[in-house]
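Mapping of the sequence shown onto my numbering: position 80 corresponds to residue 417, and the numbering continues sequentially without gaps.
Built from N, CA and C at the ideal position, the CB exists for glycine as well.
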Amino acid sequence: MAHKLNDLGYAFDALEPFIDAQTMEIHHDKHHAAYVNNLNTALEQAGAYKSSDLDELITQISKIPEAARTGVRNNGGGHWNHSFFWTLMKKNENGRPAGKLADAINKDFGSFEKFKEDFKKAGATRFGSGWAWLIINQEGKLAVCSTPNQDNPLMDIAEVKGQPILAVDVWEHAYYLKYQNRRPDYLEAFFNVVNWDKVSGLYETYK
Ligand code: MN3
């Protein structure tokens, strides 16, 4: 099996009360695990891409043999997106971005509050299942976008392309146990668990 599920990296209850332990356990151990297993199955029909690493698969979706393409798009996307998402979260005690990231947010959105509003709106208005993103776009500016299903802005098939530095999963499985149909409440709560040190590090790496 080429692709493996990594540990979450912190306890399932580490994000309580904002994201509950049961949601985290099912999300990581069942949903994410299924994406990894289904990716490995899909890759059996991926020809030369069978031994590609995850980043290579994600950035070349359109070139993957048709028999494997949808499976790799959905499950390789699911594996990449969740692996990324887990690293972005840590209880932040009302923390905010600082330094160069804070300056860039102020420059490209006008204020942190406006960025937060745009990001929550992208998540709330994504119809059905998907993700909202903060990216460094192809002009080198910060931008907010959303993608359907398990697509992401690194995919060559993405409508809006860029380097993700923050993401939120808006599939119902990410919030339904605690928030039921109240996706906007989940998105508001998410801002208590953004690991801004991690996001700043990504900004400074990719800027
Ligand atoms: Mn998910």
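Lining residues of the ligand MN3 - beta-carbon closer than 6 Å to any non-hydrogen atom, in sequence order: The answer, residue by residue, is 364, 368, 419, 506, 508, 510 and 511.
Three-pair Cβ contact test at 8 Å for the stretch 510-521 versus the stretch 403-413: no
Selected residue, minimal CA-CA separation from residue 406, among 484, 493, 467 and 523: As a first step, residue 406 is located in the sequence shown; it is residue number 69 there, counting from the start. The candidate whose alpha carbon is nearest that of residue 406 is 493.
Per-residue burial, residue 453 [other beta carbons within 10 Å of its own, 16 or more giving buried]: Walking along the sequence shown from the start, residue 453 turns up at place 116. Classification of residue 453: buried, given that the 10 Å Cβ count is 16 or more.
Per DSSP, cross-strand counterpart(s) of residue 484: Translated into the one-based positions of the sequence shown, residue 484 becomes position 147. Bridge partners of residue 484: 468.
Segment contact, 8 Å Cβ cut-off, at least three pairs: the stretch 456-473 with the stretch 500-507: The stretch 456-473, when compared against the stretch 500-507, does touch it at the 8 Å Cβ threshold.
Beta-carbon proximity list for residue 526, same chain, < 6 Å, skipping 5 on both sides: Within the sequence shown, numbered from 1, the residue matching residue 526 stands at position 189. Here the set comprises 355.
Environment of residue 465 [buried if 16+ CB atoms lie within 10 Å]: Taking the first residue of the sequence shown as 1, we reach residue 465 at position 128. Exposed: under 16 other Cβ atoms inside 10 Å.
From 367, 463 and 352, residue whose alpha carbon lies closest to that of residue 484: As a working mapping, residue 484 is identified with position 147 in the sequence shown. Checking every option, the nearest Cα to that of residue 484 belongs to 463.
Three-state class that DSSP yields for residue 504 in the structure shown: The residue you call residue 504 lines up with position 167 of the sequence shown. In the structure shown, residue 504 sits in a strand (DSSP, three-state: E or B).
Sequence-distant residues of its chain with Cβ nearer than 7 Å to residue 352 (five each side left out): In the sequence shown, residue 352 corresponds to position 15, counting from 1. Within the same chain, and ignoring the five residues on either side of residue 352 in sequence, the residues whose Cβ sits closer than 7 Å to its Cβ are 361, 426, 428 and 530.
Spatial distance of residue 376 from residue 404 (CA atoms): Along the sequence shown, one-based indexing puts residue 376 at 39. Along the sequence shown, one-based indexing puts residue 404 at 67. Distance between the alpha carbons of residue 376 and residue 404 is about 13 Å.
Straight-line Cα distance separating residue 445 from residue 437: Here residue 437 corresponds to residue number 100 of the sequence shown, with the count starting at 1. Here residue 445 corresponds to residue number 108 of the sequence shown, with the count starting at 1. Cα to Cα, residue 437 sits roughly 12 Å from residue 445.
Residues that DSSP places opposite residue 473 in a beta bridge: Sequence index remark: in the sequence shown, residue 473 carries index 136 (1-based). Bridge partners of residue 473: 479 and 500.
Nearest to residue 486 (by Cα), restricted to the options 480, 538, 343 and 507: Here residue 486 refers to the residue found at position 149 of the sequence shown. Closest option to residue 486, Cα to Cα, is 507.
C-beta atoms of residue 456 and residue 497 nearer than 8 Å: Reading the sequence shown from its first residue, position 119 is the one you call residue 456. Reading the sequence shown from its first residue, position 160 is the one you call residue 497. Residue 456 is not a Cβ neighbour of residue 497, given a cutoff of 8 Å.
Under the three-state DSSP convention, the category residue 492 falls into: Position 155 of the sequence shown, counted from the first residue, corresponds to residue 492. In this structure, residue 492 counts as coil in the three-state DSSP scheme.
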